[in-house]
Amino acid sequence: MTLIKLNHIKKNFGAKEAEVQALKGISLEIKAGELIAITGTSGSGKSTLLNILGCLEEQTSGSYMLSDHEINSKSKLELARLRNEMFGFVLQDFSLIESYTVKQNMLLPLLYVKDKKRKKVRQEMFMELVDKLGLTEKINTKVALLSGGQKQRVAIGRALINSPKVILADEPTGSLDKKTSAEILDLLLTLNKEGKTVIIITHDPKVANHCDREIQIEDGIIFKDILR
Amino acid sequence: MKEQFYLSMHDLWNRKKNVLSLLLQMTLTFLLIQFIFNAVFELQNLRQEVGRLTEVQDMYFLLDVSTTEQFFQAFEPENIEKVISFFEFIFENESFKALPLQTNTFLPPDERFDAFEGNMGSTMSFMYATSLLEALFDLNTISGRFFNETDYVNHYDYIPVVLGFDFMDAFEVGDIFEDSFHGYLENFKVIGFLEQNSTYVDLMSSWHFQSLDRVMLRPLNQNHSLDVSYFLIPLSKIYVIPESTDQMREIVTYSDELGLFSFMFRNMNDQLELLSEERMMWIQSQLFLTGLITILTLVSFTISLLQFIDKKRHEFGIHYLVGARNKDISFRIAFQVIPFLIVGSLIRIGLLNQMDYGWLTMGISLLLSILICLIPLVRMSNLNLSALIRWRIT
Amino acid sequence: MTSLLGKSRYLICFYMMIAIFSTLSFSVFLSMYERAGILHDGISQDSILVRFDSSNESLIVNDFLNVLKESEPDNFLIYRDSFDANIRSFYLWNHEFPLEMNWLEDETDIETGIVLIDKVLFANARYEDGRYYLWYRGYDYQVIGTFQLDVISGGTPLFFPMDLESPLFGIYVVDGLSIEAISSSVQQLQELDSNLTVQLIPLERTFADRMLIVVQASFFVVISLVLALIFIGLGTMTHTVAWMELRQNEIDVRYLVGATTKRIQRWLLKEYVFIISGSFIFGCFISFLIWQTGLFHIIMPDFHLLGIGFAFMLCLVLGVLTEGISTQLNGRKRGVLRKEKAR
């Protein structure tokens, strides 16, 4: 079942004379449950693609279908709801609030869940998730005091707390040592096996090799789409 | 929404020193705004009151320009007949109305007055009442009665007095007390209490409405058994409502003929204009100061919120990332102003102990709060989402 | 430069606000101070109080006037006080009556005395044969003019011409002559009457007197201004610390490439003073425009240059102090100072 369909997506930045075309017409289909690596050199446009996929940025032209939703026609309010319900983000710099505890960071998405029942169910899942991520003893610890690996686990925990359909990971192992990188990658692979669609942005070929499909982007276009 | 409120309170707590300074600033602004409204409306009310008093006939004040020599002469026992003659000419004249508005002090040796000590220690204030005073300033009693015709003429063992509202805590109608502060013993009997907030206007003394809540009224009564000072006290501040200006000249001429007094008269409308001019100067300086401090508060607050947004960009980005809407973050920013509005207003009400025109101050305070939020909210909505997430304060 | 201005935008706004606030406030304060220097009944700061005590009544007022005129002054004014606070007598030598006149009669009735009265008392005068007369203590005086007293400080409502033949003793106020000129004139009188004792007291209000008058007259305004200045101080501190935080990256890089704390402090101070000065010029211009609107003409009749000077000094002192403290705090927080001391 097609979960994401991009059709000739373009993205420009800057004013007329200094305009930079980051994406030059990307068309792409992603099925539910896929494990995809988006690779490319620095400045190739892969992070821009992730921002568009995660509804963080609007494309300049082209269409984007997410499940049954036509993203182009969505208001900011609806995009926020989609970010909350459909996506879990895992970013290279962890994007955690350092002054918050592990628990506060992980429960952050539930602040914006309207459905009280869903909120309650997800809150009940919290301890189970913490246990799964090996953070049980750290739940009341401030994130600032954690190691890089632990922080990325917290980020994954936050991404999962609202049971999203898609995990968007932008260089999730970029700031970690080898051992921790392997642990985080294993975690993402496990999540994919459990049915989540996982899209990993990486420039690390080793990480890409673990994925079922690798989309190589160069200079704003899809250079290669490799199925393994 | 509840969560955003909690977060905004947390944000305030994290910069409590800055918050305390801003709170004091906001409170000062609210106080100044309230002062402005008080001053403007009191002046307006005063103009209305004087307009009402002089609606039919002009009101004049007799300015005492007597010499020191005349002053001492008036106290001589052999001149008491002349003083009484002038007293009668002023207060018992059927061709014009006169009002004594001199507030005097007395020192009743009665412990019931202890709770009402004024600035001068245990001395209390009293005024001479006439039927004109009652009618002009619409004085009513809340219990007992006001003076009747006979109170102004007959001499009783006890002088009937009407006490200000505040005295109701210590006295009852029918209570008696004595005083000999002016050198002769007088016995007083309470016959009534004035309504709360009873006031009168004495433009020659002040532009404020004078409260009667802690003043004793005694009837202006020609009591020949008392000495000359009894007659001189009410003669020291006289307001006259004549049929024509000629009558004012008659008063001046008559006083001059007696040789004990020299008077000139002033129209109260002129006095009101002078007071208004003086008041306007006060109001203008107040307005100037309030304007500057309000803008200072506005700028300080706005900058403080903008700095807060700059500092919290990354955090806001994360909130957006996990599904926060613009509305949520905007509420988090706007909620920060609410405690200032509430606490500042409460302090203002507590300090000034009054609610007059408070709704207007509240309105302005609300407007100020909205203005404070305006620029930060516009700025927040203009921030690029993906840039927010990448933002780090080094 | 663009980066500096960009990072300093809030600070610039704040200093512009301080500049507007302080320039206008100092101008108002200076106007109030000037006003506090004006004495009752329109006499100037240079007036001298002259008090004659004499057991001998041979000297008359005219003798005093004559010796004063011998020094050939351009003009002068003398008031003589009476025991009555409502009356003063005056003598003018090539001098105009110093109060604002509503009207002044050209012709006078030589049969009666004359009087100048406060305009609010004019209704007391009666109109007869084309002239106004005031009946006062058994005599008729022709009203030759009415004047307007200062709304705030008030003054004497009745002025009569000085009786030149009356005995000299009494209290006078002389305006327009120096204390030396009066003193030498008085010495001539003392030669005529050795019993004559004289006191000369300059009426000029001292700085402390005038400040006291300003504070008494506008106690609430002064208190509010002082509070506002405290808030400004606190606000400046907060915004300067925030400015420093924004520039932390630059500070760190400079430290990294070998700059000492002192050099960094000097560099920051230079930029900070540049920001203060620039903001002040803009703020000052805005306050000038505010003054030009005439909205506050009663309390701020003039835009005082001295006010601008005081305001700039305030901004500079406040700025340099807060910048210094912020740099110290920042250095401590970052451990830079400790590291340097350890070396």
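If you're matching them up, the sequences are chains C, P and A in order.
Here the first sequence is numbered in this note's numbering, starting from 1 and rising by one per residue.
Here the second sequence is numbered in this note's numbering, starting from 1001 and rising by one per residue.
Here the third sequence is numbered in this note's numbering, starting from 2001 and rising by one per residue.
Don't be surprised by glycine CBs; every beta carbon is placed ideally from N, CA and C.
Exercise. At what residues does the alpha helix (DSSP H) containing A159/C begin and finish?
Worked result: That run of the alpha helix (DSSP H) goes G148 to L160.
Exercise. Between A1334/P and the rest of its own chain, which residues show a CB-CB distance below 6 Å, the 5 nearest in sequence each way excluded?
Worked result: Cβ within range, chain order: C1373.
Exercise. Going by alpha carbons, who is nearest to K2119/A out of F2159/A, L2329/A, L2268/A and D2129/A?
Worked result: The residue with the shortest Cα to Cα distance from K2119/A is F2159/A.
Exercise. With 16 other CB atoms within 10 Å as the buried threshold, where does V113/C fall?
Worked result: Counting Cβ neighbours within 10 Å, V113/C comes out buried, since at least 16 surround it.
Exercise. Under a Cβ-count criterion, where at least 16 other Cβ atoms within 10 Å of its own Cβ denotes burial, should H2304/A be classed as buried or exposed?
Worked result: H2304/A sits buried, since 16 or more C-beta atoms from the chains shown fall within 10 Å of its C-beta.
For this session: Over the uninterrupted beta strand (DSSP E) stretch that includes H8/C, give me the two end residues.
Result: It spans T2 to F13 - the beta strand (DSSP E) in which H8/C sits, taken as one unbroken run.
Problem set entry | Cutoff 7 Å; reference F1331/P; Cβ partners in own chain excluding five residues on either side | M1001 and Q1004, listed in sequence order.
For this session: For L1339/P, I'd like the list of residues in its chain whose CB is within less than 7 Å of its CB, leaving aside the five on either flank, ordered along the chain.
Result: The displayed chain sequence assigns Pro, not Leu, to residue 1339/P. The residues L1012, in chain order, have a CB closer than 7 Å to that of P1339/P in the same chain once the five nearest residues on each side in sequence are set aside.
Exercise. Which one of L1296/P, F1288/P, E1278/P and L1367/P has the shortest CA to CA distance from L2149/A?
Worked result: The residue with the shortest Cα to Cα distance from L2149/A is E1278/P.
For this session: Run the CB neighbour count on F13/C, radius 10 Å, all protein chains shown included, and call it buried at 16 or more, exposed below.
Result: Sixteen is the threshold: since fewer than 16 other Cβ atoms of the shown chains lie within 10 Å of the Cβ of F13/C, the residue is exposed.
Problem set entry | Three-way DSSP call (helix, strand, coil) for V1162/P in this model | Strand.
Exercise. By Cβ distance, which residues of its chain are closer than 7 Å to S2008/A, with the 5 residues on each side in sequence left out?
Worked result: Closer than 7 Å at the Cβ level, and outside the excluded window around S2008/A, lie W2243 and I2275.
Exercise. Grouping DSSP H, G and I as helix and E and B as strand, with all else coil, what is Y237/C?
Worked result: There is simply no residue 237/C to check, as chain C begins at 1 and stops at 228 in what is shown.
For this session: Note down, in chain order, every chain C residue with its Cβ under 8 Å from the Cβ of N1018/P.
Result: For N1018/P, none of the residues of chain C pass the 8 Å Cβ criterion, the least Cβ distance being about 17 Å.
For this session: Give the interface partners of L2227/A over in chain P, defined as CB-CB distance under 7 Å, in chain order.
Result: Those within 7 Å of L2227/A in chain P are L1028.
Problem set entry | Assigned secondary structure, N2102/A (DSSP; H/G/I helix, E/B strand, else coil) | Taken through DSSP and simplified to helix, strand or coil, N2102/A comes out as strand.
Problem set entry | Cβ-based burial, W1207/P [other Cβ within 10 Å; buried from 16] | Result: buried.
For this session: Give a yes or no on whether the minimum CB-CB distance between L2103/A and chain P is below 8 Å.
Result: As written in the sequence, residue 2103/A is Trp, which differs from the Leu given in the question. Closer than 8 Å: no.
For this session: Below 7 Å CB to CB, which residues in the same chain sit around E34/C once its five sequence neighbours on both sides are set aside?
Result: Short of 7 Å from the beta carbon of E34/C, and not among the five residues preceding or following it, lie these beta carbons of its own chain, in chain order: T197, D212 and R213.
Exercise. Hey, L3/C and K165/C: beta-carbon distance below 8 Å or not?
Worked result: Yes, the pair counts as a contact, with Cβ atoms nearer than the cut-off.
Problem set entry | Whole-Å CB distance - T1302/P paired with I1375/P, under 8 Å assumed | With 8 Å as the limit, T1302/P and I1375/P qualify as a contact, their Cβ atoms being about 5 Å apart.
Exercise. If you measure beta-carbon to beta-carbon, which residues of the stretch 1318–1339 of chain P are closer than 8 Å to chain C?
Worked result: Only I1318, H1319, Y1320, L1321, V1322, G1323, A1324, R1325, N1326, K1327 and D1328 from the stretch 1318–1339 of chain P bring a Cβ to less than 8 Å from some Cβ of chain C.
Problem set entry | Coil, strand or helix - S1381/P by DSSP | Note: S1381/P maps to helix in three-state DSSP.
For this session: Output yes if chain P places a C-beta closer than 8 Å to the C-beta of A80/C; else output no.
Result: Contact with chain P is found for A80/C, since one of that chain's Cβ atoms lies less than 8 Å from the residue's Cβ.
For this session: Please classify G174/C: does DSSP put it in a helix, a strand, or coil?
Result: Here G174/C sits in coil by DSSP.
Problem set entry | Validate contact between the stretch 2021–2030 of chain A and the stretch 2127–2136 of chain A using beta carbons, cut 8 Å, 3 pairs | Touching, no, given that fewer than three Cβ pairs across the two stretches are closer than 8 Å.
Exercise. If you count every other CB in all the chains shown that lies within 10 Å of the CB of C2315/A, and 16 or more means buried, which is it?
Worked result: Burial call: buried.
Problem set entry | Which listed residue (S2031/A, Y2015/A, M2032/A and A2036/A) has its alpha carbon closest to that of D2209/A | Nearest C-alpha to D2209/A among S2031/A, Y2015/A, M2032/A and A2036/A: A2036/A.
For this session: Determine whether the Cβ of S42/C lies closer than 8 Å to any Cβ atom of chain P.
Result: It does not: the Cβ of S42/C has no partner Cβ on chain P nearer than 8 Å.
Problem set entry | Length of the line joining the Cα atoms of G2283/A and K1017/P | Taking the straight line joining both Cα atoms gives about 27 Å.
Exercise. What residues in its chain sit with their C-beta under 6 Å from that of L133/C, if we drop five residues either side in the sequence?
Worked result: Excluding positions up to five away in sequence, the list reads R153 and G157.
For this session: Would you list the one or two residues that DSSP bridges to S2194/A?
Result: The secondary-structure analysis by DSSP pairs S2194/A with nothing; it has no beta-bridge partner.
Exercise. Between the beta-carbon of V2173/A and the beta-carbon of I2078/A, is there less than 8 Å?
Worked result: Contact flag set, yes.
Exercise. When you check each C-beta in the stretch 103–118 of chain C against every C-beta of chain P, which residues fall closer than 8 Å?
Worked result: Sequence-ordered contacts of the stretch 103–118 of chain C with chain P read L108, P109, L111, Y112 and V113 [C-beta pairs closer than 8 Å].
Problem set entry | Partner residues on chain P for C2315/A, Cβ-Cβ distance less than 9 Å | Taking the beta carbon of C2315/A as reference, no residue of chain P falls within 9 Å; the closest one sits roughly 14 Å away.
Exercise. Out of curiosity, what's the CA-to-CA distance linking F89/C and V2028/A?
Worked result: Each residue's alpha carbon lies about 59 Å from the other.
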